[in-house]
Amino acid sequence: MSLKDLVEAYIDLDEEKVLKIAENLLKSGGDPAEIIEACRSATNIIGEKFERGEYFLSELILAGEIFNSVMRIVLPQLKKEIKPIGIIVLGTVQGDIHDIGKNIFKAFAEAAGFKVIDLGVDVPPEKFVEAIRDYKPDTVGMSCLLTAGIESMKKTVDAIKEASLRDMVKIIIGGGRVDKTTCEYTGADAWTNDAATGVRIILKWAEEKRGR
Amino acid sequence: MAKMKEPIDLWIERHEREPDVVAKEKFDRFLKAAELKVPDRVPVAGLFGDFLCEYTGITWYDLSYNLEKIRPAVLKFVHNFPSDWGIIFAPMMLEGFILGLAFADFPDFSNTIRFLTGPVHDILKDKWSQWPGREIKEDFHPQFRGGEFMKPEEYKQFIENPIEFIHGTILPRACPGLGTPGSPQWNAAWIKIGMTMQKIASFQAQLIAEIGKMGNIGFPLTNAYAPADVIGDFLRYPTGAMLDMKRRPDEFKMACEVLVEPILKIATAIPPVPPLTVFFAPLHLNEMLSPKLYNEFYWPHLKKIIETLVAKGYKGFIFFEGDHSPHVDTILELPKGWGIAWFERPKNFMEVWEKLKGHTAVMGGVPTSLLIGGTPEKIDEYIKDLLSKIKPEGGFILSPGVNELPKTTSVANVRAYINAALKYGVY
Chain A
6 MSLKDLVEAY
16 IDLDEEKVLK
26 IAENLLKSGG
36 DPAEIIEACR
46 SATNIIGEKF
56 ERGEYFLSEL
66 ILAGEIFNSV
76 MRIVLPQLKK
86 EIKPIGIIVL
96 GTVQGDIHDI
106 GKNIFKAFAE
116 AAGFKVIDLG
126 VDVPPEKFVE
136 AIRDYKPDTV
146 GMSCLLTAGI
156 ESMKKTVDAI
166 KEASLRDMVK
176 IIIGGGRVDK
186 TTCEYTGADA
196 WTNDAATGVR
206 IILKWAEEKR
216 GR
Chain B
11 MAKMKEPIDL
21 WIERHEREPD
31 VVAKEKFDRF
41 LKAAELKVPD
51 RVPVAGLFGD
61 FLCEYTGITW
71 YDLSYNLEKI
81 RPAVLKFVHN
91 FPSDWGIIFA
101 PMMLEGFILG
111 LAFADFPDFS
121 NTIRFLTGPV
131 HDILKDKWSQ
141 WPGREIKEDF
151 HPQFRGGEFM
161 KPEEYKQFIE
171 NPIEFIHGTI
181 LPRACPGLGT
191 PGSPQWNAAW
201 IKIGMTMQKI
211 ASFQAQLIAE
221 IGKMGNIGFP
231 LTNAYAPADV
241 IGDFLRYPTG
251 AMLDMKRRPD
261 EFKMACEVLV
271 EPILKIATAI
281 PPVPPLTVFF
291 APLHLNEMLS
301 PKLYNEFYWP
311 HLKKIIETLV
321 AKGYKGFIFF
331 EGDHSPHVDT
341 ILELPKGWGI
351 AWFERPKNFM
361 EVWEKLKGHT
371 AVMGGVPTSL
381 LIGGTPEKID
391 EYIKDLLSKI
401 KPEGGFILSP
411 GVNELPKTTS
421 VANVRAYINA
431 ALKYGVY
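Respectively, the protein sequence lines represent chains A and B. In this text, residue positions in the first sequence follow the working numbering: the first is 6, and each later residue adds one. In this text, residue positions in the second sequence follow the working numbering: the first is 11, and each later residue adds one.
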């Protein structure tokens, strides 16, 4: 049972097999950081499959679940903390309490190596502003399901502008009812209907930032 | 100089002058579209949501609880933004199909109790929904939240007797307002719910009659649901349901199977009256599933429900939430003319239309974001182009993907939507 087997089982979304391999690898002295890295590359491939239309939300949810299960056994064994590739402040915007999309995005962003500050649901604009001041994130992620949430997204972007923090962060919005028009209307930098594409966008931003 | 009248203004005047004639036209128009025929004009569907509250100066709290304020607001809105057919929840309603299931054997009210209202929520204190002026602010949209109220290992008990399990286990867990089954609190709560429903029903009957006098129509409507959505919405949360499909496939399928009969009981509680009685079913898990999971765990039981009801003389009215494109072909398995499919945001609407035209009446076509963020000119141009591609084929109803618009939607945009339907929809 090698890391390669783990990646394969992960991509096949065979939860039991992934956990068994991870446990065996740890028992035989495998490096926890390498296991995490293998999970990352598998998640990345799952994201690509999603974008190609081979995988759907149901698969992303399962992948997120598998990632969390592996982390539960691997993280306690980790000798030193892995440096995140970026920080993201994330929340479902004011007036909306739906969190499925936000949670999948969170799992995928964490799997990609980001540190995620999850503000939860029904997050007012001032909380986003406060979190930007406190955590100095690279990215702000806003999620909503209701059409009313679109207005809250706009208000939040405006509040970030007013606090003179807009230049410090990139903003991505996500949800079933957002699109290009919504993105322009709210003043965000990018939009996505799905977590996999969303994480790809923030990964690109992280690369650009490193390249600067 | 007086502003030039637009098509919508002339239509409003006709509603005032000859409501009966206008209503008759709407009736024929919608019926023909539902029957895949060519009406005089493409029917245009009505709107709702925060926009109604903002325009009429009421809050979501009012729309949920304050019957006195609802009446004038809805009448004003319906007058100023006419449509051929629309759904306005007055008072506001949220998903509550599990309550219909709990009382599936009682056809005199199973179909009424299937929607949650604010006043009923106040009695149940259910954890499925949150209401303005209660858990959330007065100007916030009431929200269905769902939740996990059945443990994965409880499928077996559910399958043995779903209705009993709902009463004995799910309702006490999800609705603290009911207390313990059989207790005085429990019994009193149901009596209070009955009284509340009665009050709301008589309010609605009066309101519908008034709206009808203003040149509007309605068709008898009953309710159905996809069995897998009962599990996702009320018992296991959508994520839980999807994991169960993978981890407990046989139990999940059996649970769907045992839900078919009670769902049919609820739907048939309202008999089919010619020429048109529709059964409404909003789909939720559909877009989240891969075709493999959809075809195995979702569609077979839903298909059985649709086919059974169509054979009994109903037509379906199904809201396909999200992007249903990956599963559109399965709709062709249904008998031609089975009903109306309302699509929220298929990746390519015209592709869906091309596949289904002549087989399924299709509703939708206007991206909700266009009405929110577009301009009247853009909306006009978009709908002109869309209808030039749809016509001369019949069986189409113009509508945004969802009929709920946020409060900042401009009046000019909404008028542009209705104007464009009136201008370019004529066959």
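Even for Gly, the Cβ is constructed at its ideal location relative to N, Cα and C.
Query: Does Ser379/B have its Cβ less than 8 Å from a Cβ in chain A?; Result: yes
Query: Can you confirm whether Phe72/A, when its beta carbon is compared against all beta carbons of chain B, has any partner nearer than 8 Å?; Result: no
Query: Using a Cβ cut-off of 8 Å, which residues of the region 53-80 of chain A contact any Cβ in chain B, in chain order?; Result: Gly58, Tyr60, Phe61, Leu62, Ser63, Glu64, Ile66, Leu67 and Glu70
Query: List, in order along the chain, the chain B residues whose C-beta lies closer than 7 Å to that of Thr186/A?; Result: Ser379, Leu380, Gly383 and Gly384
Query: Candidates Ala201/A, Glu28/A, Gly181/A and Asp10/A: which alpha carbon is nearest Gln82/A's?; Result: Glu28/A
Query: Quick one: which unbroken beta strand (DSSP E) runs of 3-plus residues sit fully inside the region 131-188 of chain B? Chain order, please.; Result: none
Query: State the CB to CB distance for the pair Pro142/A and Val94/A, rounded to an integer number of angstroms; the pair is presumed to be in contact (CB under 8 Å).; Result: 4 Å
Query: At 4 residues or longer, and completely inside the region 52-127 of chain B: list those alpha helix (DSSP H) runs for me, N to C.; Result: 60-66, 70-75, 77-90 and 107-112
Query: By the three-class DSSP mapping on this structure, what secondary structure does Gly404/B have?; Result: coil
Query: Helix, strand or coil for Glu331/B per DSSP?; Result: coil
Query: Would His334/B count as contacting chain A if we go by Cβ distances under 8 Å?; Result: no
Query: In chain B, what lies closer than 8 Å to Gly146/A by C-beta?; Result: Chain B residues near Gly146/A: none, gap ~19 Å exceeds 8 Å.
Query: Is the region 37-50 of chain B in contact with the region 401-409 of chain B, if contact means three or more CB pairs nearer than 8 Å?; Result: yes
Query: At the level of alpha carbons, what is the spacing between Leu381/B and Glu28/B?; Result: 30 Å
Query: Suppose you measure from the CA of Ile210/B to the CA of Ile315/B; what does that come to, to the nearest Å?; Result: 29 Å
Query: Any C-beta of chain A within less than 8 Å: which residues of the region 31-61 of chain B qualify?; Result: Gly59 and Asp60
Query: How would you list, in chain order, the residues of chain B whose beta-carbon sits under 8 Å from the beta-carbon of Thr152/A?; Result: Gly59, Asp60, Thr378, Ile382, Val412, Glu414, Leu415 and Pro416
Query: Starting from the beta carbon of Pro248/B, find every residue of chain A whose beta carbon is closer than 7 Å, and list them in chain order.; Result: Ile105
Query: In the DSSP assignment, find the beta strand (DSSP E) that holds Trp196/A and state where it starts and stops.; Result: Ala195 to Thr197
Query: What does Leu299/B touch in chain A if you count any residue whose Cβ is under 7 Å from its own?; Result: Phe61 and Ser63
Query: Give me the residue from Phe91/B, Asp38/B and Leu231/B with the minimum Cα distance to Ile428/B.; Result: Phe91/B
Query: Alpha carbons only, please: which of Asp30/B, Ser335/B, Pro191/B and Val54/B is nearest the one belonging to Ile18/B?; Result: Val54/B
Query: Closer than 7 Å by beta-carbon distance: list the chain B residues that pair up with Ile155/A, in chain order.; Result: Ile382 and Pro416
Query: Specify the secondary structure class of Leu170/A as computed by DSSP and reduced to three states.; Result: coil
Query: Please return the same chain residues whose Cβ sits closer than 7 Å to the Cβ of Met103/B, not counting the five positions on each side in sequence.; Result: Phe125, Leu126 and Thr127
Query: With burial defined as no fewer than 16 other Cβ atoms inside 10 Å of the residue's Cβ, what is the status of Thr249/B: buried or exposed?; Result: buried
Query: Got a sec: is the Cβ-Cβ distance from Met103/B to anything in chain A below 8 Å?; Result: no
Query: So, are the CB atoms of Met360/B and Lys399/B less than 8 Å apart?; Result: yes
Query: So, for Gly192/A: in the same chain, excluding its five sequence neighbours on each side, which residues have a beta-carbon less than 6 Å away from its beta-carbon?; Result: Val162
Query: Can you name the residues that DSSP bridges to Gly374/B?; Result: Leu408/B
Query: Given a threshold of 16 other Cβ atoms within 10 Å of its Cβ, counted over all protein chains shown, does Gln216/B qualify as buried or as exposed?; Result: exposed
Query: Look at the alpha carbon of Phe99/B and the alpha carbon of Arg51/B, and state the distance between them as a whole number of angstroms.; Result: 26 Å
Query: Does the beta-carbon distance from Leu319/B to Ala371/B come in below 8 Å?; Result: no
Query: Let me make sure I understand the geometry here. Which of Glu145/B, Glu163/B, Asp149/B and Lys161/B has the alpha-carbon closest to that of Arg155/B?; Result: Glu145/B
Query: Do Lys159/A and Tyr190/A have their C-beta atoms closer together than 8 Å?; Result: yes
Query: Of the residues Ala219/B, Pro281/B, Trp141/B and Thr179/B, which one's Cα is nearest the Cα of Ala112/B?; Result: Thr179/B
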